[in-house]
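Trainee: For the working numbering, count along the sequence shown from 1 and bump the result up by 462.
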Amino acid sequence: IIHLRRNPMDACFAMFKQSYFRQAYTLDDLGRFYVAYDRLSKHWKDILGDRLVEVAYESLVSDLEGETRRLLDRLGLEFQQSCVDFHLNRAPSATASKVQIRERAHTRSVDKWKNWEQQLQPLREHLETSGIAVD
Numbered sequence: 463i464i465h466l467r468r469n470p471m472d473a474c475f476a477m478f479k480q481s482y483f484r485q486a487y488t489l490d491d492l493g494r495f496y497v498a499y500d501r502l503s504k505h506w507k508d509i510l511g512d513r514l515v516e517v518a519y520e521s522l523v524s525d526l527e528g529e530t531r532r533l534l535d536r537l538g539l540e541f542q543q544s545c546v547d548f549h550l551n552r553a554p555s556a557t558a559s560k561v562q563i564r565e566r567a568h569t570r571s572v573d574k575w576k577n578w579e580q581q582l583q584p585l586r587e588h589l590e591t592s593g594i595a596v597d
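#1: The alpha helix (DSSP H) that contains I463, what's its start and end?
#2: Look at the alpha carbon of P470 and the alpha carbon of H588, and state the distance between them as a whole number of angstroms.
#3: What does DSSP give as the partner residues of E516 in its beta bridges?
#4: Terminal residues of the continuous alpha helix (DSSP H) containing T488?
#5: Among L489, E529, G493, which has the Cα closest to the Cα of G593?
#6: Helix, strand or coil: how does DSSP classify R552 here?
#7: Note down the Cα distance separating Y496 from A553, rounded to an integer number of angstroms.
#8: Between the Cα of E516 and those of S524, V523, K507, spot the shortest distance and give me the residue it belongs to.
#9: Only counting the same chain, and skipping five residues up and downstream in sequence, which positions put a Cβ closer than 7 Å to that of W575?
#10: Distance, Cα to Cα, D573 vs R468?
#11: Verify the CB distance criterion: does S544 have a CB-CB separation below 8 Å to chain D?
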């Protein structure tokens, strides 16, 4: 299992700005949802050990080829250029990021939540109070 981890505030903000995530209509709901997700992901990490591979989103978008090669090596798979040239694939996709998947990987969304830091303060406090580091 590959588990992509992202800064909690960036992950929550990305869900909050999409209107179809029922658990993200309010910052309070979103905070509770993220805390539950975090606990569940830790549970599965404890159960699965090294069979669950965690990848940091920030590392992936900063060094797509390097992180992809490391991941594939860990999984015993060969690197293929299409792994990093995903944006060239024109197959239909039903995702909230359907425009973004047609672009190269980028770091523009890293720390994007900080543009709304004041408005997201209640979410930050909820996460930190629950023991989740946001920086």
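Every residue gets a Cβ at the ideal spot worked out from N, C-alpha and C, and that includes glycine.
Keep in mind it's a predicted model, so treat the numbers as computed, not measured.
Mentor: So, from the data block:
#1: Taking the sequence shown and counting its residues from 1, one reaches residue 463 at position 1. No alpha helix (DSSP H) holds I463; DSSP gives it neither H nor E.
#2: Counted from its first residue, the sequence shown places residue 470 at position 8. Counted from its first residue, the sequence shown places residue 588 at position 126. Approximately 11 Å, taken between the alpha carbons.
#3: Working through the sequence shown from its first residue, we reach residue 516 at position 54. Paired residue(s): H465.
#4: On the sequence shown, position 26 is the one that residue 488 refers to. Per DSSP, T488 belongs to no alpha helix (DSSP H) and is neither H nor E.
#5: The residue labelled residue 593 in the question sits at position 131 within the sequence shown. Here the closest residue by C-alpha is G493.
#6: To locate residue 552, count along the sequence shown from 1; it is residue 90. Coil, per DSSP.
#7: In the sequence shown, residue 496 corresponds to position 34, counting from 1. In the sequence shown, residue 553 corresponds to position 91, counting from 1. For Y496 and A553, the distance between alpha carbons rounds to 31 Å.
#8: Translated into positions along the sequence shown, residue 516 becomes position 54. Ranking S524, V523, K507 by Cα distance to E516 puts K507 first.
#9: In the sequence shown, counting from the first residue as 1, residue 575 sits at position 113. Contacts found: M471, D472, F475, L582.
#10: For the purposes of this step, residue 573 is taken as the residue at position 111 of the sequence shown. For the purposes of this step, residue 468 is taken as the residue at position 6 of the sequence shown. Answer to the nearest angstrom: the Cα atoms are 10 Å apart.
#11: Given the protein chain composition of this structure (a single chain), no chain D is represented.
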